[in-house]
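Engineer: At position 203 of the sequence shown (counting the first as 1) the number is 203 in the UniProt record's numbering, and the numbers step up by one without a gap. Handing you a structure now.
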Amino acid sequence: MQVSIVGAGGVAYSYAAVLAERGHQPRIWSPSGRRGAELAAGAPLQASTALEGSFAVEVARSVKDLAEAGTVIFALPAYGYHEVMGRVVPVLRDGQTLILSGHLSFAAVYLSKLLAARGLACPIVVWNTTASTGRQTGPTSVSISMLRPKVEMAALPDRAGEAALLLCRSLFGDRFALSDDMLGVDLGNLNPIVHYGIALFNLTRMELAEDWAQQAHITPAVARFLEDLDRERLAVAEALGVRTRSIHQAYAVPGKIEIGPLAEMLRQITATRKGVNGPRSLDTRYVTEDVPYGLLTTVRLADLAQVEVPLHRAGITIFSALYGRDFAAENRILPEIDAAFASAATLRRAVTQGWAAI
């Protein structure tokens, strides 16, 4: 199956390797045009760690090439959605399936708004996290530290869910679970709260470009902070009638890591699994993506549900002060879909039927 990948970073490279290994034909498109030249010239993509191999990967010559594939995967940070979707939607055609990897901030609703303006009917699939991790180790190489065992997903419109589930499993294997709707997927994305705690309490390590093990620095005090953040997130989900797993359930591995205090669970994980190093710069998606597109979206949902989330609100204020920028003003998706937040019922229609329903 031919698959277009929008993005040319570590995750995009990891997707290309996984897809090629599974017999598909991935084609990468770099929005900036600065990456992939060596692959375009015929060099193979070298994958290492969780997936080892050398794979042939195509590179799109222009954005127009995206129309040739039946499936288009957006593998880029949430802060790139607005600009890139504006360039991609004009070249799409009816019937293509569009996948938003690591979905945040109801970007799929915005995408459905752009599609509706063109009169296109394209199923949109959203994942609560990436199907694999990826770090570029060179212009033609990627280290894949993990193929995630479980990814929660939903489809827009929701009636396309079963077909979307089959497609995702065909592309990346049996690692997907279908959620009722996009609300559960967005609230089930734990990256914003986990990265909030990691970045805030290790900020000077990042700023000084130190090498530090990420999970080893989630100390018991930081773990308690994450548990309180998770309670706020779960309260919002409950008020909106959404089912989502807790942070403890997310980290649990039956037979290996049992549910208990988060600090103890993380201690066991650190002892049994090779760790990942934390960011070595303030310019990290842990903040620049997860604060404006993760924390801010949860606050918006909390306002709709009339639930107090003081720690989420504080995070936006604190990181804005630390970085000297207004992260609340940097989300370019929420203002575009403001009408969807008129009420809980309106939002439910938007996330199950698409923009045209409101």
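Quick reminder that beta carbons are idealized off the backbone N, C-alpha and C, glycines included.
For Arg348, which residues in the same chain have their Cβ closer than 8 Å to its Cβ, ignoring the five residues on either side in sequence?
Structural biologist: Around Arg348: Asp181 and Leu183.
Engineer: Under the rule that 16 or more other beta-carbon atoms within 10 Å means buried, what is Leu208, buried or exposed?
Structural biologist: By the neighbour-count rule (16 or more Cβ atoms within 10 Å), Leu208 is not buried but exposed.
Engineer: Would DSSP call Gly80 helix, strand or coil?
Structural biologist: Three-state result, Gly80: helix.
Engineer: Per DSSP, Gly53 forms a beta bridge with which residues?
Structural biologist: Ala47, per the DSSP bridge assignment.
Engineer: With DSSP run on the structure shown, which of helix, strand or coil describes Glu258?
Structural biologist: Three-state result, Glu258: coil.
Engineer: How long is the line joining the alpha carbons of Leu304 and Arg280, rounded to whole angstroms?
Structural biologist: So the alpha carbons of these two residues sit roughly 36 Å apart.
Engineer: Thinking C-alpha only, which one of Ala221, Phe55, Ile99 and Tyr286 is nearest Arg169?
Structural biologist: Comparing Cα-Cα distances from Arg169 to each of Ala221, Phe55, Ile99 and Tyr286, the minimum goes to Ile99.
Engineer: Can the beta-carbon of Leu187 be found less than 7 Å from the beta-carbon of Ala239?
Structural biologist: No. Outside cutoff.
Engineer: Determine which residues share a DSSP beta bridge with Met153 and list them.
Structural biologist: BP columns for Met153 point to Trp127 and Leu178.
Engineer: Would Leu154 pass as a contact of Ala75 if the rule is Cβ separation under 7 Å?
Structural biologist: Residue identity check: residue 154 is Ala in the sequence provided, not Leu. Result no, Cβ atoms of Ala154 and Ala75 do not sit closer than 7 Å.
Engineer: If we count the other Cβ atoms within 10 Å of its Cβ and call it buried at 16 or more, is Gln306 buried or exposed?
Structural biologist: Result: exposed.
Engineer: Closest to Thr288 by CA distance: which of Leu262, Ala37 and Glu330 is it?
Structural biologist: Measuring from the Cα of Thr288, the nearest candidate turns out to be Glu330.
Engineer: Alpha carbon to alpha carbon, what distance is there between Thr204 and Trp210?
Structural biologist: Note that residue 210 corresponds to Glu in the displayed sequence, not to Trp. Rounded to whole angstroms, Glu210 to Thr204 spans 9 Å at the Cα level.
Engineer: Val222 lies in the alpha helix (DSSP H); which residues open and close that run?
Structural biologist: Its alpha helix (DSSP H) spans residues Pro220 to Ala239.
Engineer: Just to confirm the assignment, what range does the alpha helix (DSSP H) spanning Thr137 have?
Structural biologist: That residue, Thr137, is in no alpha helix (DSSP H); its beta strand (DSSP E) goes Arg135 to Gly138.
Engineer: Just to confirm, is the Cβ distance from Ile28 to Ala16 under 7 Å?
Structural biologist: In contact: Ile28 and Ala16 (Cβ atoms closer than 7 Å).
Engineer: Please name the residue in Thr97, Leu92, Lys113 and Asp326 whose C-alpha comes closest to that of Gly161.
Structural biologist: Nearest option by C-alpha distance: Thr97.
Engineer: Please name the residue in Ala271, Lys256, Val109 and Tyr251 whose C-alpha comes closest to that of Leu262.
Structural biologist: Measuring from the Cα of Leu262, the nearest candidate turns out to be Tyr251.
Engineer: If you draw a straight line from the C-alpha of Thr130 to the C-alpha of Gly102, how long is it?
Structural biologist: So the two alpha carbons sit approximately 5 Å from each other.
Engineer: Short check: CB of Glu152 to CB of Val185, under 7 Å?
Structural biologist: Going by C-beta atoms, Glu152 is nearer than 7 Å to Val185.
Engineer: Could you give the residue range of the beta strand (DSSP E) that holds Phe327?
Structural biologist: Premise fails: Phe327 is in no beta strand (DSSP E) and is neither H nor E.
Engineer: In the structure shown, what three-state DSSP assignment does Pro279 receive?
Structural biologist: Pro279: coil per DSSP, three-state reduction.
Engineer: Sort Lys113, Asn202, Glu258 and Arg224 by Cα distance to Tyr286 and report the nearest one.
Structural biologist: Comparing Cα-Cα distances from Tyr286 to each of Lys113, Asn202, Glu258 and Arg224, the minimum goes to Asn202.
Engineer: State the beta-bridge partners of Glu58 as determined by DSSP.
Structural biologist: Its beta-bridge partners are Arg27.
Engineer: Check whether the Cβ atoms of Glu38 and Thr140 lie closer than 7 Å to each other.
Structural biologist: Result yes, Cβ atoms of Glu38 and Thr140 sit closer than 7 Å.
Engineer: If I follow the unbroken alpha helix (DSSP H) through Ile193, where does it start and stop?
Structural biologist: Residues Asn191 to Leu200.
Engineer: Which residues does DSSP list as the beta-bridge partners of Ile99?
Structural biologist: Ile73 and Val125, per the DSSP bridge assignment.
Engineer: Can you round the beta-carbon distance between Thr270 and Lys256 to whole angstroms, since I take them to be within the 8 Å contact cut?
Structural biologist: Not a contact, Cβ separation roughly 13 Å.
Engineer: Per DSSP, what are the beta-bridge partners of Ile144 in this structure?
Structural biologist: Answer by DSSP bridge pairing, in chain order: Thr49.
Engineer: Report the option in Gly7, Val72 and Val109 whose CA atom is closest to the CA atom of Ile337.
Structural biologist: For Ile337, the nearest C-alpha among the options comes from Val109.
Engineer: To which residues does DSSP link Ser4 through a beta bridge?
Structural biologist: Beta-bridge pairing links Ser4 to Arg27 and Val72.
Engineer: State yes or no: is the C-beta of Ala302 within less than 7 Å of the C-beta of Met146?
Structural biologist: Cβ distance not < 7 Å, so Ala302 and Met146 don't count as in contact.
Engineer: Near Met1, what residues of its chain come up, given a Cβ to Cβ distance below 6 Å and the 5 sequence neighbours on each side ignored?
Structural biologist: These residues qualify, in order along the chain: His24.
Engineer: When burial is assigned at 16 or more other CB atoms within 10 Å of the CB, is Glu58 buried or exposed?
Structural biologist: Glu58 comes out buried.
Engineer: Assign Asp94 to one of two classes, buried (16 or more other C-beta atoms within 10 Å of its C-beta) or exposed (fewer than that).
Structural biologist: Classification for Asp94: exposed.
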